[in-house]
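S.K.: Numbering (UniProt numbering), first residue to last: 1 to 78. The structure under discussion is supplied below as structure tokens; questions concerning it will follow.
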Amino acid sequence: MYQPFFSDEYKAYVCQYKISKQDYLDEGRVIGEDMLQAIYLAMIKLGVILSHTDYWKKENLSWYGDKNLGFPLPDHLN
């Protein structure tokens, strides 16, 4: 996750992210009204990707042994 920046094109803040592993690459961005919202939305998106996509589910990721990776998730995914 990169530091958000103000985009004149969107008139909002953009926070880019990148998840990579040897055979996997996912790059994207989220847009927020301010820097904090952009960071928060990027954390949600990363949490969804790492917790609920087939590729990462089979990796059995954990954080100190806990399946909850510490990212905020939408209510319907908790």
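Built from N, CA and C at the ideal position, the CB exists for glycine as well. Predicted model, so just to flag it, every value in this text is computed and none were measured.
Taking the continuous beta strand (DSSP E) assigned at Gln-37, which residues delimit it?
M.R.: Taking the sequence shown and counting its residues from 1, the one referred to as residue 37 is at position 37. It is not in any beta strand (DSSP E) - Gln-37 instead sits in the alpha helix (DSSP H) that spans 35-52.
S.K.: Measuring alpha carbon to alpha carbon, tell me which of Ile-44, Ser-7, Tyr-13 ends up nearest Leu-69.
M.R.: As a first step, residue 69 is located in the sequence shown; it is residue number 69 there, counting from the start. Leu-69 has its Cα closest to that of Ile-44, out of Ile-44, Ser-7, Tyr-13.
S.K.: When you measure from the CB of Asp-54 to every non-hydrogen atom of the ligand ZN, does any distance come out below 7 Å?
M.R.: Because no ligand of any kind appears in the structure shown, any question about the ligand ZN cannot be addressed here.
S.K.: Less than 8 Å between the CB atoms is what I'm expecting for Phe-6 and Tyr-17, so what's the real figure, rounded?
M.R.: For the purposes of this step, residue 6 is taken as the residue at position 6 of the sequence shown. For the purposes of this step, residue 17 is taken as the residue at position 17 of the sequence shown. At roughly 17 Å, the Cβ-Cβ gap does not stay under 8 Å, so Phe-6 and Tyr-17 are not in contact.
S.K.: On the DSSP letters alone, give me the boundaries of the beta strand (DSSP E) that Lys-21 sits inside.
M.R.: What you label residue 21 is simply residue 21 of the sequence shown in a count that begins at 1. It spans 12-21 - the beta strand (DSSP E) in which Lys-21 sits, taken as one unbroken run.
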